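The opening position of the sequence shown corresponds to residue 19 in our numbering, with each subsequent residue numbered one higher.
Even glycine gets a Cβ: it sits at the ideal position worked out from N, Cα and C.
Keep in mind the model is a prediction, meaning the values are calculated, not measured.
Scroll down for the structure; my scribbles are underneath it.
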Amino acid sequence: MTQSDPSALHLEWRTLQHDHEGHEKVAFACKLLAVVLTAQFTFFALPLVLTVPLLLCVWVVEAMVRTVQGRLGARIARLEQLIADGAPDSAAGQLHSEWLAGRSGALRLLREYGASALKPTVIFPYPVLLVLLAWLAMPA
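Set out below in structure tokens:
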């Protein structure tokens, strides 16, 4: 492969790798938003009844982002194997076809999101922030 003529597999790898890193940035933004929401509750008396559901929504969004990122990571690993094996370019562009072939329904998808939400890299800082909110909301 030359720099001027990358294969379809290499192009897909590069695109998905870029997207994978983009998902990392979105996940970080979710964590930052969660901290900002908690700070707004603390410093600007944002109602707890509004803050907690928003915080939980941000947590769910991050779990969904991480789930999609995991799918991209799995396809990237598959592409690396295909490239190493010298697979033809016709093996490129199969991200959604492979995912749809293994998809078994809405409940499994919800379980994937739930499993993502409980991973250590996702779960932090949400429980800490929720406990902090509960503590700050207690009457003095």
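Taking the Cα positions, E42 is about 23 Å away from L118. With respect to the C-alpha of A52, the residue from Q112, E80, R93 having the closest C-alpha is E80. The closest CA to that of L68, considering only A26, E39, L125, L55, is found on L55. For A92, the enclosing alpha helix (DSSP H) covers residues 66-102. Looking only at W77, F46, P157, E39, the smallest Cα-Cα distance to L148 is reached by W77. L64 sits close to Q58, with the two beta carbons spaced by under 8 Å. When C-alpha distances from A47 are compared across S25, L73, Q35, the shortest belongs to L73.
In this structure the region 25-41 touches the region 88-107; the number of beta carbon pairs closer than 8 Å is three or more. Contact check for L113 against R84 fails: the beta carbons are separated by 8 Å or more. Comparing alpha-carbon positions, the option among R96, E39, L29, E30 lying closest to Q87 turns out to be E39.
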